[in-house]
Amino acid sequence: MLQTPSGGAGSGTAARDSGLMSIGTVLNVLRDEFPEVTISKIRFLESEGLVEPRRTPSGYRKFSAGDVERLGHILRMQRDHYLPLKVIREHLDAMERGEAAPLPLVGRQRTAQDASATVEGPTVARVGRAELLAAADIDEAELKEWESYGLIAPLEDGAYDAEAVTVAVLVAELGRFGIEPRHLRVMKAAADREAGLVDQIVAPLKRHRNPQTRAHAEARTKELADLTMKLHAALVKTALGLRIP
Numbered sequence: 211m212l213q214t215p216s217g218g219a220g221s222g223t224a225a226r227d228s229g230l231m232s233i234g235t236v237l238n239v240l241r242d243e244f245p246e247v248t249i250s251k252i253r254f255l256e257s258e259g260l261v262e263p264r265r266t267p268s269g270y271r272k273f274s275a276g277d278v279e280r281l282g283h284i285l286r287m288q289r290d291h292y293l294p295l296k297v298i299r300e301h302l303d304a305m306e307r308g309e310a311a312p313l314p315l316v317g318r319q320r321t322a323q324d325a326s327a328t329v330e331g332p333t334v335a336r337v338g339r340a341e342l343l344a345a346a347d348i349d350e351a352e353l354k355e356w357e358s359y360g361l362i363a364p365l366e367d368g369a370y371d372a373e374a375v376t377v378a379v380l381v382a383e384l385g386r387f388g389i390e391p392r393h394l395r396v397m398k399a400a401a402d403r404e405a406g407l408v409d410q411i412v413a414p415l416k417r418h419r420n421p422q423t424r425a426h427a428e429a430r431t432k433e434l435a436d437l438t439m440k441l442h443a444a445l446v447k448t449a450l451g452l453r454i455p
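All letters in the sequence shown, in the order written, are residues 211 to 455 by this note's numbering.
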């Protein structure tokens, strides 16, 4: 198995999971370290021969922990060292042959300024309907049912934002425990109410004349959303009598 030189969050999570993963699960694992990664990006790397997931009889991709480690290593080399795919492929091939393979110095190295720019302006991931179906390993009828309950909604152009992939994967996972979409309406309603509360608080900032104050509204929204989600998780664990680590 390929050993990565640095222990990113994605590779660490994957290493603990010995089972095969759908492309949607892989996307969620990698997003801990690479928030800009998309399903299209993973498919592109596959088309370039940099990773070779297994295929189910129905054609769905299934990734091993080693595949996810390899993807994390590839994305890290692109992000931190700006290496072209040809150089990355040669580097990985050398590592798999057991050869000493220090990272080649091609182009410029990533700087603190680059990292700051990535955090402040990440790429907004969008997926098509077919990609969403593949990510959650579901069929068209299931997606239509989820949409009818308001769990997932397409954007105006018919595409989906990145968070729809996360929702789809989680709904599919809950379905394996017998939790149906109709059971999740209460969770959707609670999420809408929580979002409404956050929006009510930041609304004055969004309407402010000062552009800097309006820009601050987005940061405040993210901060409140994070606190709201943590509180929600804590309340659910408390209600179930679970010990909170």
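Backbone N, C-alpha and C define an ideal beta-carbon position, used for all residues, glycine too. A quick note: this is a predicted structure, and the numbers were derived from the prediction, not measured.
message: Helix, strand or coil, according to DSSP, for Asp367 in the structure here?
response: coil
query: Is Ala382 near the ligand MN, judged by its Cβ being under 7 Å from some heavy atom?
result: Here there are no bound small molecules, and the ligand MN is not part of this structure.
query: Which of helix, strand or coil does DSSP assign to Val408?
result: Annotated three-state conformation of Val408 is helix, per DSSP.
- prompt: How would you label Glu350, buried or exposed, when you count the other beta carbons within 10 angstroms and need 16 or more for buried?
  reply: Glu350 comes out exposed.
query: Which residues does DSSP pair with Lys272 in a beta bridge?
result: Arg264
message: Which of the three DSSP states is assigned to Pro332 in this structure?
response: Caution applies to Pro332, whose pLDDT of 40 falls short of 50 and renders its modelled position unreliable; the value that the coordinates give is listed next. Looking at Pro332 - three-state DSSP - the assignment turns out to be coil, as it is neither helix nor strand.
message: Mapping the DSSP letters down to three states, classify Val247 as helix, strand or coil.
response: coil
query: To the nearest whole angstrom, what separates the beta carbons of Leu342 and Ala378, a pair I think is in contact under 8 Å?
result: 6 Å
- request: Evaluate Glu262 with the Cβ neighbour count: other Cβ atoms within 10 Å of its Cβ, from every protein chain shown; 16 or more gives buried, anything less gives exposed.
  value: exposed
Expected contact under 8 Å - CB spacing of Lys251 and Arg264 to nearest Å: In this structure Lys251 is not in contact with Arg264, their Cβ atoms being roughly 19 Å apart against a cut-off of 8 Å.
message: Quick check: what's the CA-CA separation for Leu302 versus Thr376?
response: 30 Å
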